[in-house]
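First the structure, in the form of structure tokens, and then the observations on it.
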Amino acid sequence: MNIYLDIQSVSKRFDRTLALDNISLQVQEGEFIFLLGPSGCGKTTLLRIIAGLEEATTGRILQAGQDITRLPPSRRNFGIVFQSYALFPNLTVFQNIAYGLENRKEMKQMVKTRVEEMLALMGLQDFRNRYPAQLSGGQQQRVALARALAISPGLLLLDEPLSALDARIRANLRIEIASLQRKLGITTIMVSHDQEEALTMADRVVVMEKGRIVQLDTPEKIYHQPATPFVADFVGLMNFLPAVVFASEKKQVKVGEDALSLEQDISHSNGQPVTLAIRPEKVQVVHNNMSHHNILKARVDEVEFIGPFYRLHLLLGGKARMIAYMPPQNGNNEVIREGMEVPVFLPPNHLRIYPGSVSKVN
Numbered sequence: 444m445n446i447y448l449d450i451q452s453v454s455k456r457f458d459r460t461l462a463l464d465n466i467s468l469q470v471q472e473g474e475f476i477f478l479l480g481p482s483g484c485g486k487t488t489l490l491r492i493i494a495g496l497e498e499a500t501t502g503r504i505l506q507a508g509q510d511i512t513r514l515p516p517s518r519r520n521f522g523i524v525f526q527s528y529a530l531f532p533n534l535t536v537f538q539n540i541a542y543g544l545e546n547r548k549e550m551k552q553m554v555k556t557r558v559e560e561m562l563a564l565m566g567l568q569d570f571r572n573r574y575p576a577q578l579s580g581g582q583q584q585r586v587a588l589a590r591a592l593a594i595s596p597g598l599l600l601l602d603e604p605l606s607a608l609d610a611r612i613r614a615n616l617r618i619e620i621a622s623l624q625r626k627l628g629i630t631t632i633m634v635s636h637d638q639e640e641a642l643t644m645a646d647r648v649v650v651m652e653k654g655r656i657v658q659l660d661t662p663e664k665i666y667h668q669p670a671t672p673f674v675a676d677f678v679g680l681m682n683f684l685p686a687v688v689f690a691s692e693k694k695q696v697k698v699g700e701d702a703l704s705l706e707q708d709i710s711h712s713n714g715q716p717v718t719l720a721i722r723p724e725k726v727q728v729v730h731n732n733m734s735h736h737n738i739l740k741a742r743v744d745e746v747e748f749i750g751p752f753y754r755l756h757l758l759l760g761g762k763a764r765m766i767a768y769m770p771p772q773n774g775n776n777e778v779i780r781e782g783m784e785v786p787v788f789l790p791p792n793h794l795r796i797y798p799g800s801v802s803k804v805n
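Each residue of the sequence shown is one higher than the last, beginning at 444 in the numbering used here.
Structure representation (structure tokens):
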């Protein structure tokens with residue numbers, strides 16, 4: 444697969460603030476990339492630099508082999524959809540979609556044909572003569588997307604396009620955009636702080652923290668093999684437990700007085716404090732711990748009924764806390780109640796280890 448966008452050592456300063464710190468990223472042709480991170484991490488700044496709406500302080504950007512670092516937006520081959528949609532309120536749906544084509548002085552018949560294609564693609568045929576104020580939020584977003592795609596860009600940039608919509612419309616549009624991207628095969632970069640959007644839509648996810656890329660990987664690896672405690676905590680819910688290396692050659696640590704085995708290699712010395720991490724859905728409440736290793740005793744502090752599962756808030760002694768998800772029906776139909784003492788099994792293959800003491804308690 445060819446590299447379509449090559450971002451090389453890009454940094455950006457606003458006065459004394461370093462917004463981007465030496466960002467390098469290669470995007471393959473036809474790939475759907477997510478820039479994911481909290482507010483202020485630099486993801487929108489990076490998108491704006493790719494679009495030419497901001498100028499990089501250092502570094503360069505190649506698009507399809509062409510150096511576009513200093514090119515104005517009008518000479519870059521991209522379409523962009525903003526969070527606010529940025530539709531022209533005085534133009535109809537048809538006119539909004541046609542705007543970019545007319546701006547390029549395309550022939551009238553070609554404009555009409557292309558707009559009709561976009562209306563059909565987005566299911567907007569019945570809304571061609573309506574104005575933005577007469578449309579729902581989801582319909583406005585489809586118009587904005589159709590306008591961006593009408594010019595047949597080589598690169599599609601999406602700046603949190605779903606954040607202003609309610610949950611159900613957002614979920615539906617998420618599926619539609621991902622399906623459309625795969626159908627058209629257009630190289631796409633989307634900015635979001637919504638982890639669920641990234642995990643369900645992206646080919647690869649770029650997790651950013653304080654202007655840097657801290658992990659670039661598939662959604663599955665981002666979730667199951669987070670590179671840092673920040674990634675583990677930001678993407679999904681994660682339990683963090685303070686531990687001490689017990690026998691590094693045997694891949695064992697201690698949580699309190701209990702020894703736990705891991706499958707991940709331990710590169711820390713015996714006696715060194717570390718942090719264990721495990722997802723709530725991997726924590727198992729057991730009833731016959733004689734056949735299990737990697738058992739911790741816990742007290743149930745709170746039980747929440749979520750519908751498909753119970754969310755258990757567990758105390759492990761001292762200040763250590765943990766969350767576990769449990770199906771409504773146990774094997775022996777025992778009802779878990781607050782105050783009960785329960786053994787929990789932490790599967791070795793689902794435990795992650797990070798250096799240093801735990802910095803967050805659930």
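Beta carbons: idealized from backbone N, C-alpha and C, even for Gly. Fair warning: this is a prediction, and the values are worked out from it, not measured in the lab.
Where residue i falls: helix, strand or coil (DSSP)
i      : result
Met550 : coil
Arg780 : coil
Pro516 : helix
Pro751 : coil
Asn539 : helix
Gln695 : strand
Val729 : coil
His636 : coil
Gln469 : strand
Arg795 : strand
Leu705 : coil
Leu564 : helix
Leu600 : strand
Ile492 : helix
Pro790 : coil
Arg722 : coil
Thr501 : strand
Ala767 : strand
Leu759 : coil
Ala507 : coil
Val785 : strand
Residue i: CB within 7 Å of a non-hydrogen atom of the ligand NAP
i      : result
Met651 : Annotation note on the ligand NAP: not contained in the displayed structure, which lists no ligands.
Own chain, CB closer than 7 Å to residue i, minus 5 neighbours either side, in chain order
i      : result
Asp660 : Arg647 and Val648
Phe673 : Glu652 and Val657
Pro516 : Ala494, Gly495 and Leu496
Arg590 : Asn539, Ile540, Tyr542 and Gly543
Leu642 : Pro662 and Tyr666
Cβ-based burial, residue i [other Cβ within 10 Å; buried from 16]
i      : result
Ala576 : exposed
Gln638 : buried
Asn445 : exposed
Pro669 : buried
Phe531 : exposed
Pro662 : buried
Ile749 : exposed
Asp563 : The sequence shown places Ala at residue 563, not Asp. Result: exposed.
Asn775 : Here the model assigns Asn775 a pLDDT of 47, short of 50, so the residue's position is not dependable and the matter cannot be decided.
Val554 : buried
Ser800 : exposed
Leu550 : According to the sequence provided, residue 550 is Met. The question's Leu does not apply to it. The residue in question, Met550, is exposed, as its Cβ has fewer than 16 Cβ neighbours within 10 Å.
Glu498 : exposed
Lys548 : exposed
Extent of the continuous beta strand (DSSP E) run through residue i
i      : result
Lys740 : Ile738 to Phe748
Ser452 : Ile446 to Phe457
Asn682 : Asn682 to Ala690
Ile620 : No beta strand (DSSP E) contains Ile620, which is instead part of the alpha helix (DSSP H) from Ala610 to Leu627.
Lys647 : In the sequence under discussion, the amino acid at residue 647 is Arg, which differs from the Lys named in the question. Per DSSP, Arg647 belongs to the beta strand (DSSP E) from Arg647 to Glu652.
Gly581 : Taken as a continuous stretch (DSSP letters only), Gly581 belongs to no beta strand (DSSP E), being part of the alpha helix (DSSP H) at Gly580 to Ala593.
Tyr574 : Tyr574 -> no beta strand (DSSP E), and no H or E assigned at all.
Ala414 : In the structure as shown, the chain begins at 444 and stops at 805. Residue 414 is therefore absent and cannot be evaluated.
Ile523 : Phe521 to Val524
The alpha helix (DSSP H) enclosing residue i, as first and last residue numbers
i      : result
Asn533 : From DSSP, Asn533 is part of no alpha helix (DSSP H); its letter is neither H nor E.
Val674 : Pro672 to Phe677
Leu496 : Counting along the chain, Leu496 falls outside any alpha helix (DSSP H), and DSSP gives it neither H nor E.
Pro662 : Pro662 to His667
Residues of its chain near residue i, where Cβ-Cβ distance is below 6 Å and the 5 sequence neighbours each way are ignored
i      : result
Val634 : Leu478, Lys486, Thr487, Leu490, Asp602 and Glu603
Gln469 : Ile446 and Asp449
Ile476 : Val470, Ile632 and Arg647
Thr671 : Val657
Met561 : Ile540, Ala589 and Ala593
Arg611 : none
Asn520 : Pro596 and Gly597
Contact set for residue i: own chain, Cβ-Cβ below 8 Å, skip 5 residues either direction
i      : result
Asn615 : Gly581
Ser579 : Ile612
Gly782 : Arg742 and Val743
Between the stretch 721 to 730 and the stretch 688 to 695, are three or more C-beta pairs nearer than 8 Å? Contact between the stretch 721 to 730 and the stretch 688 to 695 is absent, because fewer than three Cβ pairs lie under 8 Å.
Cβ pair count under 8 Å reaching 3, the stretch 532 to 547 against the stretch 591 to 600: As far as the Cβ criterion goes, the stretch 532 to 547 touches the stretch 591 to 600, which means the pair count is three or higher.
Three or more C-beta pairs under 8 Å: does that hold for the stretch 610 to 628 against the stretch 447 to 466? Counting Cβ pairs under 8 Å, fewer than three are found: no touch.
Are the stretch 703 to 710 and the stretch 785 to 795 in contact at 8 Å, needing three or more beta carbon pairs? The stretch 703 to 710 makes contact with the stretch 785 to 795, as at least three CB pairs between them are under 8 Å.
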